[in-house]
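> Structure provided below as structure tokens; questions to follow.
In the numbering used here, the protein residues as written are 1 to 188.
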């Protein structure tokens, strides 16, 4: 399936969620957007992406959703070269690509600082469960991908994001029913 066909199908999937789209979708690189580790490649190599990846990126951009990268890599120079070679580097409003001993939480702190997008308005795709668990605790809707980003993972992510947003709104509504408590000074 070519990029334009994938984009068209991704736009259909996105169209089902128009009122509940995330403001920012964040992608890991290795084994999420492309099927390899950067450190096992050379800058001279011509990279390839998973078959649905570029079409999904294009569809999200068309719908006004911002994109970012959160990648833990010992070779950020190779990752950046590959983004350039694939012609997608300019699609991302934030590119946090660096080696880190922590989970992706450091990457997300920087993405949040750079973009101002609240964590609960983000959707994240990664191939490592430990990253999904850590970033989810920050309030980011996170989806584990088994064989890279594809239309099924996009659908799952948008559905999960929509469900999380509805839970958040329901909780806000429930809490708004409680009377405001006076603080210790006696003022309301």
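Cβ atoms here follow ideal geometry from the backbone N, Cα and C, with glycine treated the same way.
1. Please classify residue 169: is it buried, with 16 or more other beta-carbons within 10 angstroms of its beta-carbon, or exposed?
2. Counting pairs of beta carbons, one from the stretch 99-113 and one from the stretch 121-141, are three or more of them closer than 8 Å?
3. Using a Cβ-Cβ cut-off of 6 Å (strictly less than) and excluding sequence neighbours within five positions of residue 75, which residues of its own chain qualify?
4. Please list, in chain order, all residues of the same chain as residue 138 whose beta carbon is under 7 Å from its beta carbon, the five residues on each side excluded.
5. Leaving out the 5 sequence neighbours to the left and right, which residues in its chain are closer than 6 Å to residue 192 when beta-carbon positions are compared?
6. Could you tell me the alpha carbon to alpha carbon distance between residue 54 and residue 167, rounded to whole angstroms?
7. Where does residue 169 fall in DSSP's three states?
8. For residue 24, which of helix, strand or coil comes out of DSSP?
Let's see:
1. By 1-based counting over the chain shown, the position of residue 169 is 169. Around the beta carbon of residue 169, fewer than 16 other beta carbons lie within 10 angstroms, which makes this residue exposed.
2. Judged by Cβ distances under 8 Å, the stretch 99-113 makes contact with the stretch 121-141, as three or more pairs qualify.
3. Position 75 of the chain shown, counted from the start, is the residue given in the question as residue 75. Residues of the same chain with a CB within less than 6 Å of the CB of residue 75, apart from the 5 flanking positions on each side, are 38 and 39 in chain order.
4. Within the chain shown, the letter at position 138 stands for residue 138. Apart from the 5 residues on each side of it in sequence, residue 138 sits with its Cβ closer than 7 Å to the Cβ of 105, 108 and 119 in its chain, given in chain order.
5. Because the chain is modelled from 1 through 188, residue 192 falls outside the range shown and cannot be assessed.
6. Counting from one through the chain shown, the residue named residue 54 turns up at place 54. Counting from one through the chain shown, the residue named residue 167 turns up at place 167. A direct Cα-Cα distance of roughly 31 Å separates residue 54 from residue 167.
7. On the chain shown, residue 169 is found 169 positions in, with the first residue counted as 1. Residue 169 falls in the helix class under three-state DSSP.
8. Residue 24 sits at position 24 when you count from the first residue of the chain shown. The answer is strand: DSSP assigns residue 24 an E or B state.
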